[in-house]
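Structure record follows, encoded as structure tokens.
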Amino acid sequence: MFGLSPSVFWIIAVIALCIAEAATLGLTAIWFAFGALASAVVALFGTSLITQVIVFIIVSGVCMLYTRPIVRDKLKVRNTPTNLDRIIGQTAIVTESIDNEKGKGQIKANGLIWTARAENGEIIEKDEHVIVKAIQGVKAIVVPK
């Protein structure tokens, strides 16, 4: 294998896969690092390349199959609400009349001014109360309350 002994090749693979795992933090390469480590061990006993590859595939697959669900549950990423998420469903006040055809309109929601558009295209006058239905880009999509 590229002029290297098989066990050295597998150790290099272990190191490279661990570096890749550290760089991504996505639990994508660690399972293969375990497989490469197991292949390095069997390579020390002088097994054939085919046996080493089979060990690599089996150990990687078993590690992924049995430990990934556990680790995924423990490291579950929770979505942190942003300002976008917080204003959806909230009542806001129109600070500039909303007219989709003219491309005008603003609301004040949670103390912040947002460019706004009416969901159904109707004109909504200043000082009316609206409900934020969605965010599209940087615009709040609203309906009259």
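Heads up, the sequence shown is in my numbering, so the first residue is 3 and it goes up one at a time.
Ideal placement from N, C-alpha and C gives every residue a C-beta, glycine not left out.
With a CB to CB cut of under 7 Å and the five nearest residues on each side skipped, what residues in its chain are close to SER62?
TRP33, PHE34, PHE36 and GLY37
According to DSSP, simplified to helix, strand and coil, what is LEU99?
The residue asked about is misnamed: residue 99 is Ser in this sequence, not Leu. Note: SER99 maps to strand in three-state DSSP.
Own chain, CB closer than 7 Å to ILE95, minus 5 neighbours either side, in chain order:
ILE109, LYS110, ASP129 and HIS131
Contact set for ILE90: own chain, Cβ-Cβ below 8 Å, skip 5 residues either direction
VAL134, LYS135, ALA136 and ILE137
With 16 other CB atoms within 10 Å as the buried threshold, where does ALA24 fall?
exposed
Are the C-beta of LEU51 and some C-beta of chain C separated by less than 8 Å?
Absence of chain C from the displayed structure is noted, only one protein chain being present.
Residue range of the unbroken alpha helix (DSSP H) whose run includes THR30
Here THR30 belongs to no alpha helix (DSSP H), and DSSP marks it neither H nor E.
Please return the same chain residues whose Cβ sits closer than 7 Å to the Cβ of PRO146, not counting the five positions on each side in sequence.
ILE126, GLU130 and VAL132
In the structure shown, what three-state DSSP assignment does THR53 receive?
helix
Given this structure, state the Cα-to-Cα distance separating ILE139 from LEU67, to the nearest angstrom.
Looking at the sequence shown, residue 139 is not Ile but Gly. Approximately 39 Å, taken between the alpha carbons.
How long is the line joining the alpha carbons of ALA31 and THR49, rounded to whole angstroms?
24 Å
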